[in-house]
Amino acid sequence: MAGLHKSDFKNPVVNWIDTRLPVFTMMQKEYGVFPTPKNFNYFWNFGALAMVNLMIMIATGIFLAMNYTPHVTMAFDSVERIMRDVNYGWMLRYAHANGASMFFIVTYIHIFRGLYYGSYKAPRELLWMLGVVILLLMMATAFMGYVLPWGQMSYWGATVITNLFSAIPVVGDSIVTWLWGGFSVDNPTLNRFFSLHYLLPFVLVGVIFLHIAALHITGSNNPLGIDVKSEQDTLPFHPYYTIKDSVGICVYLIVFAVLVFFAPNFFSAPDNYIQANPLVTPAEIVPEWYFLPFYAILRSVPNKLGGVSMMFGAIAVLFVLPWLDTSPVRSAKFRPIYRILFWVLVVAVIALGMVGAHRPEGAWVTIGRLATLYYFLHFLVILPVLGKLERPLPLPESISRPVIGGGPLPAGATAKPMEKV
Amino acid sequence: MADSMSATPMTGTHGHPSGGEVTKRDFLKLVAGAGAAVGVGAIVWPLVDSMNPAADVLALSSTEVTLTPIEAGQAITVVWRGKPVFVRHRTPKEIKEAEDVKLSALIDPQADSARVKAGHDQWLVVIGICTHLGCVPLGNAPSDPRGEWGGWFCPCHGSQYDTSGRVRHGPAPLNLAVPPYAFETDTKIKIG
Numbered sequence: 107m108a109g110l111h112k113s114d115f116k117n118p119v120v121n122w123i124d125t126r127l128p129v130f131t132m133m134q135k136e137y138g139v140f141p142t143p144k145n146f147n148y149f150w151n152f153g154a155l156a157m158v159n160l161m162i163m164i165a166t167g168i169f170l171a172m173n174y175t176p177h178v179t180m181a182f183d184s185v186e187r188i189m190r191d192v193n194y195g196w197m198l199r200y201a202h203a204n205g206a207s208m209f210f211i212v213t214y215i216h217i218f219r220g221l222y223y224g225s226y227k228a229p230r231e232l233l234w235m236l237g238v239v240i241l242l243l244m245m246a247t248a249f250m251g252y253v254l255p256w257g258q259m260s261y262w263g264a265t266v267i268t269n270l271f272s273a274i275p276v277v278g279d280s281i282v283t284w285l286w287g288g289f290s291v292d293n294p295t296l297n298r299f300f301s302l303h304y305l306l307p308f309v310l311v312g313v314i315f316l317h318i319a320a321l322h323i324t325g326s327n328n329p330l331g332i333d334v335k336s337e338q339d340t341l342p343f344h345p346y347y348t349i350k351d352s353v354g355i356c357v358y359l360i361v362f363a364v365l366v367f368f369a370p371n372f373f374s375a376p377d378n379y380i381q382a383n384p385l386v387t388p389a390e391i392v393p394e395w396y397f398l399p400f401y402a403i404l405r406s407v408p409n410k411l412g413g414v415s416m417m418f419g420a421i422a423v424l425f426v427l428p429w430l431d432t433s434p435v436r437s438a439k440f441r442p443i444y445r446i447l448f449w450v451l452v453v454a455v456i457a458l459g460m461v462g463a464h465r466p467e468g469a470w471v472t473i474g475r476l477a478t479l480y481y482f483l484h485f486l487v488i489l490p491v492l493g494k495l496e497r498p499l500p501l502p503e504s505i506s507r508p509v510i511g512g513g514p515l516p517a518g519a520t521a522k523p524m525e526k527v
Numbered sequence: 288m289a290d291s292m293s294a295t296p297m298t299g300t301h302g303h304p305s306g307g308e309v310t311k312r313d314f315l316k317l318v319a320g321a322g323a324a325v326g327v328g329a330i331v332w333p334l335v336d337s338m339n340p341a342a343d344v345l346a347l348s349s350t351e352v353t354l355t356p357i358e359a360g361q362a363i364t365v366v367w368r369g370k371p372v373f374v375r376h377r378t379p380k381e382i383k384e385a386e387d388v389k390l391s392a393l394i395d396p397q398a399d400s401a402r403v404k405a406g407h408d409q410w411l412v413v414i415g416i417c418t419h420l421g422c423v424p425l426g427n428a429p430s431d432p433r434g435e436w437g438g439w440f441c442p443c444h445g446s447q448y449d450t451s452g453r454v455r456h457g458p459a460p461l462n463l464a465v466p467p468y469a470f471e472t473d474t475k476i477k478i479g
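Structure, rendered in structure tokens:
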């Protein structure tokens, strides 16, 4: 396929480059004129917000690394030095630490958006699965990053989480020793976590590239969950959605700034301002808020291997979600029962988050078990069955139709399955 | 790696248009693929093994403890291989409690006699790491909670251990581990 690209760009420098490496043409195609459903609501901002957030994390992280020392005797002090002595060090660290929380807020909303509007359904299964990989990578990165300041929560969080792998029969203990590079969480562990914490965000960039590439093949889902039928249903990405995303980014940055400048320790545990002590476990070990629902699932099962399996299973079910949900209708807007159960799931996950933050005593144990039960029931039983039983509302003929008036067609015309499934 | 995946003779389509017939090319692909897999493994293993405990970490593997300052009923924490080790001087009552338990009542059945050195049953030496998820159980300091069975109580997820360091209440699945140790004299032990 040798041959120069025929470029339409007028600027001679741009044209010269584009002829040899058509990156300008690609950007124009994928982000300029890219046909995008015209009925997006603001929930479709969150992918772009996550992208912005990742860039903030990488930028602040690179500069933090210039002043951080990954050694058990110096790590804690080097972080305090960043806070007190390094110019704007406090801002870099608070932006990075709160950036992690913002990243999970944005990503969780992005995921629940996908759940509500059925964005995981054909033909977007692979797009969704890449998203689950992104979530796993984010969790690994966040976990290792939290260890780096070497406070008490860093140390004991690392101890508890790495010990999860000791639940694996036969080889568990060898795996834990291998993860630690010793017989407890210690300097070798801190060193490798720093190395991997620096590496994984770039792996994330790679997987996100695939996520977006897959998105640009299938095209975006939309609040109605029906396919784009004609050019009438779309708008060029620029300027319509670049502007809409910009509005969201402004709001996002306001929230982020309020956190960083007015409540920088809102999400952090005070114990992490005590240097790690391998001989004293803090009275209560609580993970960062974004892990709480999973932590609650872990603790709801009174068996070590069972708890660990359920915790990882909570994410594993997301991988196969496109095949668990048997309904051909995407958007919850047209699924009266699913719409209610979606909110039950949201409540269950929030309840799990609260359970994870409390000692496993009294009512919290019961709530945790019920919510865990519902979580798995929702994905493994309800979704497969509901798709067969539920009677969806009539779908609009096209994205444009409800907008330009006319409403849904009579039932007979819409009784046929929505799309090629 | 791609080679080794497509090298299975029965699945390749080109090279043997007649169907399932195995050709010389299939054999070569299989051998080349297997060779590549071995080569990749040989390169990856040093990388993986470099993450295992290094020689200097392994070298710090024994600790000596003098027992004379520990009164009956007291316990101390020493560090061995970066882990806390509990050395507890048990009272006769505690020893009796530990010995009298029926093995069938235990989560991880083990006789007390198997967890102490013969003739030194007042000394209990266990690794002070909860077998659930690695927290350090409370119970060494006089002010600590020792749980219902008078041993140790883990603050993280509520596991409880008895005066022999055996788990009596979950979620921990196993007894506190007994490290390898020996009495050098009656008042001195060497752990590791």
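Those protein sequence lines, which keep their order, are chains P and E. Once you know that position 362 of the first sequence is 468 in the working numbering, the rest is easy, because the numbers rise by one and skip nothing. Once you know that position 119 of the second sequence is 406 in the working numbering, the rest is easy, because the numbers rise by one and skip nothing. Even for Gly, the Cβ is constructed at its ideal location relative to N, Cα and C.
Quiz item: In chain E, which residues lie less than 9 Å from P/Glu390 when you measure between Cβ atoms?
Solution: Pro442, Cys443
Quiz item: Under three-state DSSP, which class holds P/Gln381?
Solution: strand
Quiz item: Can you tell which of P/Phe400, P/Phe440, P/Ala203 has its C-alpha closest to the C-alpha of P/Ala422?
Solution: P/Phe400
Exercise. Report buried or exposed for P/His67, applying the criterion of at least 16 other Cβ atoms within 10 angstroms of its Cβ.
Key: Outside the displayed range of chain P (107 to 527) lies residue 67 of chain P, so it cannot be described from this structure.
Quiz item: Using the beta-carbon count (16 or more within 10 Å), is E/Gly326 buried or exposed?
Solution: exposed
Quiz item: Using a beta-carbon distance below 8 Å, is E/Lys370 in contact with chain P?
Solution: yes
Quiz item: With distances taken between CB atoms, is the gap from P/Tyr174 to P/Ile162 smaller than 8 Å?
Solution: no
Exercise. Can you tell me which of the three DSSP states P/Tyr223 falls into?
Key: coil
Practice problem: Examine chain E for any beta-carbon lying closer than 8 Å to the beta-carbon of P/Arg405, and answer yes or no. | Solution: yes
Quiz item: Is there contact here, the region 364-375 of chain P with the region 425-445 of chain P, by at least three beta-carbon pairs under 8 Å?
Solution: no
Exercise. Name, please, each residue of chain E whose Cβ falls closer than 7 Å to the Cβ of P/Thr387.
Key: Cys422, Val423, Pro442, Cys443
Quiz item: Is any beta-carbon of chain P found at less than 8 Å from that of E/Gly457?
Solution: yes
Self-check item: As assigned by DSSP and simplified to three states, the class of P/Arg126
Solution: helix
Self-check item: Rounded distance between the beta-carbons of P/Met244 and P/Phe209, thought under 8 Å
Solution: 7 Å
Quiz item: Are there 16 or more other CB atoms within 10 angstroms of the CB of E/Val413, so buried, or fewer, so exposed?
Solution: buried
Practice problem: Give the straight-line distance between the Cα atoms of P/Asn121 and P/Thr131, rounded to the nearest whole angstrom. | Solution: 10 Å
Quiz item: Per DSSP, what kind of secondary structure is E/Val454 in: helix, strand or coil?
Solution: strand
Exercise. Using three-state DSSP, classify E/Trp436 as helix, strand or coil.
Key: coil
Quiz item: Under a Cβ-count criterion, where at least 16 other Cβ atoms within 10 Å of its own Cβ denotes burial, should P/Pro143 be classed as buried or exposed?
Solution: buried
Quiz prompt | Alpha carbon of E/Val366 to alpha carbon of P/Pro388, nearest angstrom | solution = 18 Å
Quiz item: Span of the beta strand (DSSP E) holding P/Thr142?
Solution: 141-143
Quiz item: DSSP on E/Ile394, reduced to helix/strand/coil?
Solution: coil
Quiz item: In whole angstroms, what separates the C-alpha of P/Leu398 from that of P/Ser207?
Solution: 13 Å
Practice problem: Leaving aside the five residues before and after P/Trp196 along the sequence, list all residues of the same chain whose C-beta is less than 7 Å from its C-beta, in chain order. | Solution: Met189
Exercise. Spatial neighbours of P/Gly518 within its chain, please: CB distance less than 8 Å, with the 5 preceding and 5 following residues excluded, ordered by chain position.
Key: Bear in mind that the predicted position of P/Gly518 carries a pLDDT of just 43, short of 50, making it too unreliable to give a figure here.
Quiz item: Does the Cβ-Cβ distance between E/Pro429 and E/Phe440 come in under 8 Å?
Solution: no
Practice problem: Please classify E/Asp473: does DSSP put it in a helix, a strand, or coil? | Solution: coil
Quiz prompt | Where E/Lys383 falls, given that 16 or more other Cβ within 10 Å makes a residue buried | solution = exposed
Quiz prompt | Per-residue contacts from E/Thr364 into chain P (C-beta, under 7 Å) | solution = Leu385
Exercise. Indicate the three-state DSSP secondary structure (helix, strand or coil) for E/Ile357 in the structure shown.
Key: coil
Practice problem: Note down the Cα distance separating P/Pro118 from P/Ile349, rounded to an integer number of angstroms. | Solution: 28 Å
Exercise. Go ahead and pull the three-state DSSP assignment for P/Ala517.
Key: Unreliable placement is indicated for P/Ala517, whose pLDDT of 44 sits below 50; no coordinate value is reported for it.
Quiz item: Between P/Trp284 and chain E, is there a C-beta pair that is closer than 8 Å?
Solution: yes
Quiz prompt | C-beta neighbour in chain P for E/Pro460, strict 8 Å | solution = yes
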